[in-house]
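**Student:**
2 protein chains.
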Amino acid sequence: MAMPAPDQSVIQRGPQIIAALRAILPGDAVIDDPQETRAYECDALTAYRCPPLAVVLPRTTAEVAAIMQTCHRMGVPVVPRGAGTSLAGGALPTADCVLLGTMRLRDVLEIDTDNRFIRVQTGVTNLSVSAELEPHGFFYAPDPSSQLACTIAGNIAMNSGGAHCLKYGVTTNNLMAATVVLTTGEIVQLGGPELGPDGLDLLGLFCGSEGQLGVVTEATLRILPRPEGARPVLIGFDNAEVAGECVARIIRSGVLPVAIEYMDEPCLRAVESFAKAGYPACSAVLIVEVEGSRDEIADQLARIRAIAEDLNPVEFRESRNADEAAKIWKGRKSAFGAMGKLGDYICLDGTVPVGQLPFTLRRIGELSQQHGLEVANVFHAGDGNMHPLILFDANTPGDLARAEAFGADILRLCVEVGGCLTGEHGVGIEKRDLMGDQYDPADLAIQMEIKDLFDPQWLLNPAKVFPLEASARFRQRAAE
Amino acid sequence: MAMPAPDQSVIQRGPQIIAALRAILPGDAVIDDPQETRAYECDALTAYRCPPLAVVLPRTTAEVAAIMQTCHRMGVPVVPRGAGTSLAGGALPTADCVLLGTMRLRDVLEIDTDNRFIRVQTGVTNLSVSAELEPHGFFYAPDPSSQLACTIAGNIAMNSGGAHCLKYGVTTNNLMAATVVLTTGEIVQLGGPELGPDGLDLLGLFCGSEGQLGVVTEATLRILPRPEGARPVLIGFDNAEVAGECVARIIRSGVLPVAIEYMDEPCLRAVESFAKAGYPACSAVLIVEVEGSRDEIADQLARIRAIAEDLNPVEFRESRNADEAAKIWKGRKSAFGAMGKLGDYICLDGTVPVGQLPFTLRRIGELSQQHGLEVANVFHAGDGNMHPLILFDANTPGDLARAEAFGADILRLCVEVGGCLTGEHGVGIEKRDLMGDQYDPADLAIQMEIKDLFDPQWLLNPAKVFPLEASARFRQRAAE
């Protein structure tokens, strides 16, 4: 993935820029030692690396505002970063940027169970939000796999989901209000306590905007009472397409599980040899989890069993207690680790209509043969959010490029069947140049006009989201 | 509510404008006979009326694009209108505008139950969408009271809700994609089939934008399988605040009814004398409806009964069959009609955090005494979406102004307790000048900059949503 050449005039002014930042921030909040900035040179898309000019770690909205104002005045690009867990290169620095880390913005500001919200600084991690809520009997629904590390700032930037978003929606469905710092350093409040806001929905616009419009420093999140219980079942099929059909029938029936996870045969093989979860040897396994009171769980499981049994599963395994439930989840939770043992991989993130799952899985298999690279599928099937893992060898020259070409074909396939390029990882640098496959030039142009409105100098998180060529035209326009 | 003076230069060019529209549209699609344009002079905020210069009734996206292009070229304001059921004056014409009615855009384009969507032209009515889906066993969730008449175009413009939005969300949560015509006549596609879209969430931005950014001509709507059954209960309390507390406890408990409706004593009196629904004579009645399988319904009702009985209700009435269920809903559904018998009223629409309901209800009672005007409360309590009805006499000079002043005080109260100016009716002309109470100048300015980006001449649905004084400054800027 090409990155634009850094602005040498910014790099030359590095010492002045760092001095200006030191003048407005506490001593420990500005990092420019190359040994230390190296820690920020990539996110979870580790194939791309570039140390930033400097790293700033503010503790307050006021500090963020001061940083933004300074960088705006001096014409310095700013790359916001949560925990750096983006799989799409959403937080990849450029050599001429100030990387703005949110991890020290970690105060919990208010918990209001009556009105069902928590207000936090956005550097808190996703999991710690639910941990804060646990003594109150509540939880925060979006649960990305990276939830131990990833921050609310990153979740908002990427509109993150997770296994449970089938029932509870993604971040945008659980975000009530936000404090945002614009490029100029101006601080604005977006959203309100309930329902849609008055006027234009700027909160929705910011959610998923991948740091293109501003930096979110505080967020009010909707919280939910913890369900009385939850129970997973495992369903094995000896035919991948029938497993896809089972997902479609469950969704169509109106049962609403909290999660429907899908693992195909290559994934199952890797998982079995790694985690020994005791999964059946078959073509596809679904893990379906339902939540609620004892009666609700029993009722939903009975309906799911009836649907599955019509399709002759190899196995239908209910969990009778917490141990058995943990065992069912164990393999799924170790899937990414298990794949890592097999070699290098890139993890894709595309979404297709649920009814298109069987066709899409078959086509991915064909593409795998065409490109000569193995692929494993493990994903959130209930909402059609696929995560094909393409295996390659980073030490074989050209293998990464082949894997990327295969990945691009899969994402184009998602668009062709009526889906889109991302479910929850965002566009980042990874899918930037595929946006033209998803959108007509006119559709993309109005997105870029809005970006241009908020960031006329195009300083915020450069070279992400929009095709490089198109954003270069806008940057050119700004320079004239 | 003041409206800006119409642009006389547009009115003088009326004949040329109408000729230009006739040149691009079928004969029956342009109406300029004052006898006929009068039918469009107001929406459901009938205190304000103004016939438009002309009315156009396109049948296709291409016709809408041609109209927009022509009006843009000739500098003519365009007021989009669904069915004209807006209670906030969202579709009030100006004397210099072309009113663009969507009611002939009424084709159902596609029903896909596997992937759970329906695609329609936006002039179809809300209720007819669910009627189309009924043979398939599905429904469309948002259900405004006006659903027999109101269109999907209007629902999207206002981000409409309804009694059932407590469980299923408002329009923005059920809208997957849209075809939009911009001011210039350019046609763009927004959104995608599932989850959040790639890049910037322009679909969310359009939803609830009250015709300020473009005209939505086609929409892809999420559909849901019809639940097996639904059952309402009626709970009467002799203390309004305790009824509010009951709502808060139900929400906090994690039971998620599809609807929690609240009626206070003045409303109950009016409803009893009008509809004789057999409601108990008490201070407040809640109607709580749950949905699901027989077991799920029984389970939820048991939990609601336990919560209610802790609060000593005057009555807890379960419905045992469809007749009894209909009887419980009868009074609620006739509430607006019943209030109409008592005299003229304005129906407000503000939202407060659920925990603030008891305090807000008490303060509204005090404000009623202060302003010397009666008020009745009937509303969607589960999501804090209040609809106070202020009674006044349209034939008493000054009474409307007093009612409006009282209404403004109530809406400011909603903002003060952490709520907002609207739940589902939109801002329109009614709440336009209160936006400054909700938003800081900086927050409002970025909304207006986005409006300005999409509509630099400020021709689309003038004098709505934004404070008149502020929008005049933008219009001035455009003219310079």
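Taken in order, these protein sequences are the chains called A and B.
The first sequence begins at 29 in our numbering and counts up by one.
The second sequence begins at 29 in our numbering and counts up by one.
By construction, the Cβ of each residue, glycine as well, lies at the ideal position given by its N, Cα and C atoms.
Predicted model only: the values in this text are computed from it and were never measured.
(1) Between LYS304 of chain A and LEU161 of chain B, what straight-line distance do the alpha-carbon atoms span, to the nearest angstrom?
(2) When the distance is taken between beta carbons, is VAL104 of chain B closer than 8 Å to ILE59 of chain B?
(3) How far does the beta strand (DSSP E) with CYS375 of chain B in it reach, from first residue to last?
(4) Would you kindly work out how many angstroms separate the C-alpha atoms of GLU64 of chain B and ASP483 of chain B, rounded to a whole number?
(5) Just curious, the beta strand (DSSP E) that GLU346 of chain A is in, first and last residue?
(6) Just verifying my parser: in three-state terms, what is the DSSP assignment at GLN217 of chain A?
(7) Can you have a look at ASP61 of chain A and say buried or exposed, based on whether 16 or more other CB atoms are within 10 angstroms of its CB?
(8) For GLU337 of chain B, which residues from the same chain have a beta carbon less than 8 Å from its beta carbon, with the 5 sequence-adjacent residues on both sides left out?
(9) Can you give, in chain order, each stretch of the beta strand (DSSP E) that sits fully within the segment 302-365 of chain B and has at least 3 residues?
(10) If we count Cβ pairs, one from each stretch, closer than 8 Å, do we get three or more for the segment 449-461 of chain B versus the segment 185-194 of chain B?
(11) Are LEU376 of chain B and PRO416 of chain B close, meaning C-beta to C-beta below 8 Å?
(12) Using a 10 Å radius around the Cβ and a threshold of 16 neighbouring Cβ atoms, would you call ASN201 of chain A buried or exposed?
(13) Roughly how many angstroms separate the alpha carbons of GLY464 of chain B and ARG390 of chain A, rounded to a whole number?
(14) Does the Cβ-Cβ distance between ALA493 of chain B and ARG460 of chain B come in under 8 Å?
(15) Mind pulling the chain A residues with CB within less than 8 Å of ILE279 of chain B?
(16) Using a 10 Å radius around the Cβ and a threshold of 16 neighbouring Cβ atoms, would you call PRO381 of chain A buried or exposed?
(17) Put TYR196 of chain A into one of helix, strand or coil per three-state DSSP.
(18) Nearest to PRO425 of chain B by CA position, among B:ALA75, B:ALA500, B:ARG66 and B:ASN489, is which residue?
(19) Can you say whether ASN413 of chain A is buried or exposed, counting buried as having 16 or more other CB atoms within 10 angstroms of its CB?
(20) Kindly indicate which residue of A:GLY320, A:VAL38 and A:LEU419 has the alpha-carbon position closest to the one of LYS369 of chain A.
(21) Kindly list, in the order they appear in chain B, the residues whose Cβ is closer than 7 Å to that of ILE474 of chain A.
(22) So, are the CB atoms of ARG132 of chain A and ARG87 of chain A less than 8 Å apart?
(23) Do ARG147 of chain B and LEU137 of chain B have their beta-carbon atoms positioned less than 8 Å apart in this structure?
(24) In the DSSP assignment, the beta strand (DSSP E) including ALA500 of chain B goes from what residue to what residue?
(25) Taking 8 Å as the CB-CB cut-off, is ASP61 of chain A touching chain B?
(26) Smallest Cα separation from HIS192 of chain B: which of B:TYR467, B:VAL318 and B:VAL342?
(27) Would DSSP call ASP465 of chain B helix, strand or coil?
(28) Less than 8 Å between C-beta atoms, sequence neighbours within five positions excluded: which residues of the same chain meet that for ALA422 of chain B?
(29) Between the segment 242-250 of chain A and the segment 346-359 of chain A, are three or more C-beta pairs nearer than 8 Å?
(30) Under 8 Å, Cβ to Cβ, is there at least one residue of chain A near CYS510 of chain B?
(31) Consult DSSP for ALA408 of chain B and reduce its assignment to one of helix, strand or coil.
(32) For PRO255 of chain A, would you say it is in contact with chain B, using Cβ-to-Cβ distances shorter than 8 Å as the test?
(33) Report yes if the C-beta distance between TYR290 of chain B and ALA409 of chain B is below 8 Å; otherwise report no.
(34) When DSSP builds the beta bridges, which residues end up paired with ASP292 of chain A?
(35) Indicate whether THR211 of chain B and LEU481 of chain B have their beta-carbon atoms separated by less than 8 Å.
(36) Secondary structure at ARG132 of chain B, three-state DSSP: helix, strand or coil?
**Tutor:** In terms of the structure at hand:
(1) The sequence position of residue 304 of chain A within the first sequence is 276, counting from 1. The sequence position of residue 161 of chain B within the second sequence is 133, counting from 1. Whole-angstrom Cα-Cα distance: 46 Å.
(2) Taking the first residue of the second sequence as position 1, residue 59 of chain B is located at position 31. Taking the first residue of the second sequence as position 1, residue 104 of chain B is located at position 76. Going by C-beta atoms, ILE59 of chain B is not nearer than 8 Å to VAL104 of chain B.
(3) Walking along the second sequence from the start, residue 375 of chain B turns up at place 347. Here the beta strand (DSSP E) through CYS375 of chain B covers 372-375.
(4) Residue mapping note: residue 64 of chain B aligns to position 36 of the second sequence, counting from 1. Residue mapping note: residue 483 of chain B aligns to position 455 of the second sequence, counting from 1. The straight-line gap from Cα to Cα measures roughly 29 Å.
(5) Locating residue 346 of chain A in the first sequence gives position 318, where the first residue counts as 1. GLU346 of chain A: member of the beta strand (DSSP E) spanning 343-346, first to last residue.
(6) Walking along the first sequence from the start, residue 217 of chain A turns up at place 189. GLN217 of chain A falls in the strand class under three-state DSSP.
(7) As a working mapping, residue 61 of chain A is identified with position 33 in the first sequence. So ASP61 of chain A counts as exposed.
(8) Counting from one through the second sequence, the residue named residue 337 of chain B turns up at place 309. Excluding residues within five positions, the ones whose Cβ falls inside 8 Å are PHE344.
(9) 312-320 and 343-346
(10) Three or more beta-carbon pairs separated by less than 8 Å link the segment 449-461 of chain B to the segment 185-194 of chain B, which places the two stretches in contact.
(11) Position 348 of the second sequence, counted from the first residue, corresponds to residue 376 of chain B. Position 388 of the second sequence, counted from the first residue, corresponds to residue 416 of chain B. Yes, Cβ-Cβ distance for LEU376 of chain B and PRO416 of chain B is below 8 Å.
(12) Along the first sequence, read from residue 1 onward, the residue named residue 201 of chain A stands at position 173. Buried, by the Cβ-count rule.
(13) Within the second sequence, numbered from 1, the residue matching residue 464 of chain B stands at position 436. Within the first sequence, numbered from 1, the residue matching residue 390 of chain A stands at position 362. Whole-angstrom Cα-Cα distance: 55 Å.
(14) Within the second sequence, numbered from 1, the residue matching residue 493 of chain B stands at position 465. Within the second sequence, numbered from 1, the residue matching residue 460 of chain B stands at position 432. In the sequence under discussion, the amino acid at residue 493 of chain B is Val, which differs from the Ala named in the question. Yes, they are a contact pair.
(15) Position 251 of the second sequence holds residue 279 of chain B. Per Cβ cutoff of 8 Å: ARG144.
(16) Looking up residue 381 of chain A in the first sequence gives position 353. Result: buried.
(17) Sequence index remark: in the first sequence, residue 196 of chain A carries index 168 (1-based). Of the three classes helix, strand and coil, the one that applies to TYR196 of chain A here is helix, per DSSP.
(18) Taking the first residue of the second sequence as position 1, residue 425 of chain B is located at position 397. Of the listed residues, the one whose Cα sits closest to PRO425 of chain B is B:ALA75.
(19) Locating residue 413 of chain A in the first sequence gives position 385, counting from the first residue. Under this definition ASN413 of chain A is a buried residue.
(20) For the purposes of this step, residue 369 of chain A is taken as the residue at position 341 of the first sequence. The shortest Cα separation from LYS369 of chain A among A:GLY320, A:VAL38 and A:LEU419 belongs to A:LEU419.
(21) Indexing the first sequence from 1 puts residue 474 of chain A at position 446. Within chain B, the residues near ILE474 of chain A are VAL216 and LEU230.
(22) The residue labelled residue 132 of chain A in the question sits at position 104 within the first sequence. The residue labelled residue 87 of chain A in the question sits at position 59 within the first sequence. Yes; because the gap between Cβ atoms is below 8 Å, this pair is in contact.
(23) Locating residue 137 of chain B in the second sequence gives position 109, where the first residue counts as 1. Locating residue 147 of chain B in the second sequence gives position 119, where the first residue counts as 1. A Cβ-Cβ contact shorter than 8 Å links LEU137 of chain B with ARG147 of chain B.
(24) Indexing the second sequence from 1 puts residue 500 of chain B at position 472. Unbroken run through ALA500 of chain B is the alpha helix (DSSP H), 496-507; no beta strand (DSSP E).
(25) In the first sequence, the residue the question calls residue 61 of chain A occupies position 33. Not an interface residue.
(26) Walking along the second sequence from the start, residue 192 of chain B turns up at place 164. Of the listed residues, the one whose Cα sits closest to HIS192 of chain B is B:VAL318.
(27) Start at 1 with the first residue of the second sequence, and residue 465 of chain B comes out as number 437. Note: ASP465 of chain B maps to helix in three-state DSSP.
(28) Residue 422 of chain B sits at position 394 when you count from the first residue of the second sequence. These residues qualify, in order along the chain: ALA75, ASP372 and LEU428.
(29) no
(30) For residue 510 of chain B there is no data in the structure shown, the boundaries of chain B being 29 and 508.
(31) Residue mapping note: residue 408 of chain B aligns to position 380 of the second sequence, counting from 1. Note that residue 408 of chain B corresponds to His in the displayed sequence, not to Ala. Looking at HIS408 of chain B - three-state DSSP - the assignment turns out to be strand.
(32) As a position in the first sequence, residue 255 of chain A is number 227, starting the count at 1. Yes, contact with chain B.
(33) Your numbering for residue 290 of chain B matches position 262 in the second sequence. Your numbering for residue 409 of chain B matches position 381 in the second sequence. Yes, they are a contact pair.
(34) Position 264 of the first sequence, counted from the start, is the residue given in the question as residue 292 of chain A. A:ALA312, per the DSSP bridge assignment.
(35) Position 183 of the second sequence, counting from 1, holds the residue named residue 211 of chain B. Position 453 of the second sequence, counting from 1, holds the residue named residue 481 of chain B. Not closer than 8 Å, so no.
(36) The sequence position of residue 132 of chain B within the second sequence is 104, counting from 1. The answer is coil: DSSP assigns ARG132 of chain B none of H, G, I, E or B.
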